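Colleague:
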Amino acid sequence: MSVLIVGSVGLDDITTPSDSRADLLGGSASYAAVAASFFAPVRMVGVVGEDFPQAHIDFLKARGIDLEGLQIVKGKTFHWAGEYFGDMNTRETRSIELNVFESFRPTLPESYRDADIVLLANIAPDLQHLVLDQVQEPRFVVADTMDLWIATTRERLVALLARVDMLILNDGEARQLTGETNLVVAGRRILDMGPRFVAVKKGEHGCLLMSREGDFFAAPAFPLASLADPTGAGDTFAGAAAGALAAKKGEITFDDLRRAVVRGSVLASFNVEAFSLERLKSLDDRQIAERLEAFRRLVAFD
Ligand code: AMP
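In structure tokens form, the structure reads like this:
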């Protein structure tokens, strides 16, 4: 079973306390699609300009990602610049040039409409709605979002929540969306808005998974001694989780979601070890299996 991923595809300029790099492959869909591709076939929907380097297309293709839904249009690719401070838990956006993203309307190729698992990676809720309008009967829909949409298009985001099975967001976003400071209460409020499941990410402190039926699961983040670039950790988490769900046949249970968020956590832990998607580029199944095993030992107790 495959996973359909829609989101941003762009070029990022990233500054950390120790390094600065320009024109790196970025965007929520890029991270999510590459992460998902370790677990299931991926179909990607997005837009880039004619300036988008062929090397990035080749990389996505080499991961087996179906790019029929990636529009290449006249103009410049979405460009984002961000800077990290201190222990890199603080980030500021330096600039956003929407470019071809400004007039982007996701159009699903005919072959994508029977999508099984859908990941609405971080883009404007209106565009996420448009994708759901075009899919037939997906087995499971996951949505990601960000503070910008909670602040600027809250109503469209809340309407989207009634159409998805699971929302993934970080702790600050959960508080912003619900007005609740306690994350368990915030999670419950989000479940009241429509999705059956919610995953609240807490950065280096892991993630909290909750269901409307009252199930709980807390996964730590894999402890890392050094981190190069946190960009895309959330997108990688969501992509790997959606890919893991696509690899599971039949009805998706809470246990499947536990396994999925652990895979999300593991892939995100690799992603932050290098800039952009560089670490995922060199990653292989054996390394994933080893870190999953280390993760298992990390949380096992009698
Ligand atoms: P994250 O670190 O998970 O917040 O994701 C970072 C990625 O999101 C970068 O690669 C950016 O290109 C992309 N991004 C930044 N702002 C936006 C936006 N407004 N809409 C969609 N994607 C964005």
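Numbering-wise, this note's numbering puts 120 at position 100 of the sequence shown, and it's gapless, one number per residue.
For every residue, glycine included, the Cβ atom is placed at its ideal position computed from N, Cα and C.
Predicted model, so just to flag it, every value in this text is computed and none were measured.
Which residues mark the beginning and the end of the beta strand (DSSP E) in which K221 is found?
Modeller: 217-221
Colleague: Identify whether F105 lies in helix, strand or coil by the three-state DSSP scheme.
Modeller: strand
Colleague: What do you reckon, is the C-beta of L244 under 7 angstroms from a heavy atom of the ligand AMP?
Modeller: no
Colleague: If I measure Cβ to Cβ from P145 and keep anything under 8 angstroms in the same chain, skipping five residues before and after, which residues do I get?
Modeller: T165, W169, T173, R176, L177, A179, L180
Colleague: Which parts of the region 180-252 are runs of the beta strand (DSSP E), unbroken and 3 residues or longer, counting only runs that do not cross its ends?
Modeller: 186-190, 217-221, 227-231, 236-239
Colleague: Assign A42 to one of three DSSP states: helix, strand, or coil.
Modeller: strand
Colleague: For the ligand AMP, is there a heavy atom less than 7 angstroms away from the beta-carbon of N291?
Modeller: Not so, every heavy atom of the ligand AMP lies at least 7 angstroms from the Cβ.
Colleague: Hey, would you say S285 sits closer than 8 angstroms to G192, going by beta carbons?
Modeller: no
Colleague: Which two residues bound the contiguous beta strand (DSSP E) that contains F160?
Modeller: 160-164
Colleague: For L168, is the beta carbon positioned less than 7 angstroms from some heavy atom of the ligand AMP?
Modeller: Taking non-hydrogen atoms of the ligand AMP into account, the C-beta of L168 is found less than 7 angstroms away from one of them.
Colleague: Should K268 go down as buried or exposed, given a rule of 16 or more other Cβ atoms within 10 Å for buried?
Modeller: Answer is buried; the Cβ neighbour count reaches 16.
Colleague: Kindly examine the ligand AMP and report whether one of its heavy atoms sits closer than 7 angstroms to the Cβ of D255.
Modeller: yes
Colleague: What is the DSSP secondary structure of Q307, reduced to helix, strand or coil?
Modeller: Here Q307 sits in helix by DSSP.
Colleague: The ligand AMP and G69: does the residue's C-beta get closer than 7 angstroms to at least one heavy atom of that ligand?
Modeller: no
Colleague: Are V26 and P126 touching if we call contact CB-CB under 8 angstroms?
Modeller: yes
Colleague: Under the three-state reduction of DSSP, which class applies to I77: helix, strand or coil?
Modeller: helix
Colleague: Which residues does DSSP pair with D33 in a beta bridge?
Modeller: A101
Colleague: Can you tell me whether S28 is helix, strand or coil according to DSSP?
Modeller: coil
Colleague: Which two residues bound the contiguous beta strand (DSSP E) that contains S302?
Modeller: That residue, S302, is in no beta strand (DSSP E); its alpha helix (DSSP H) goes 298-302.
Colleague: Secondary structure at R133, three-state DSSP: helix, strand or coil?
Modeller: coil
Colleague: So, using beta-carbon positions, are N119 and D255 closer together than 8 angstroms?
Modeller: A distance of 8 angstroms or more separates the beta carbons of N119 and D255.
Colleague: Taking the continuous alpha helix (DSSP H) assigned at I170, which residues delimit it?
Modeller: 167-172
Colleague: Apart from the five residues just before and just after A55, which ones in its own chain have a Cβ nearer than 6 angstroms to its Cβ?
Modeller: Around A55: T256, G259, A260, L287.
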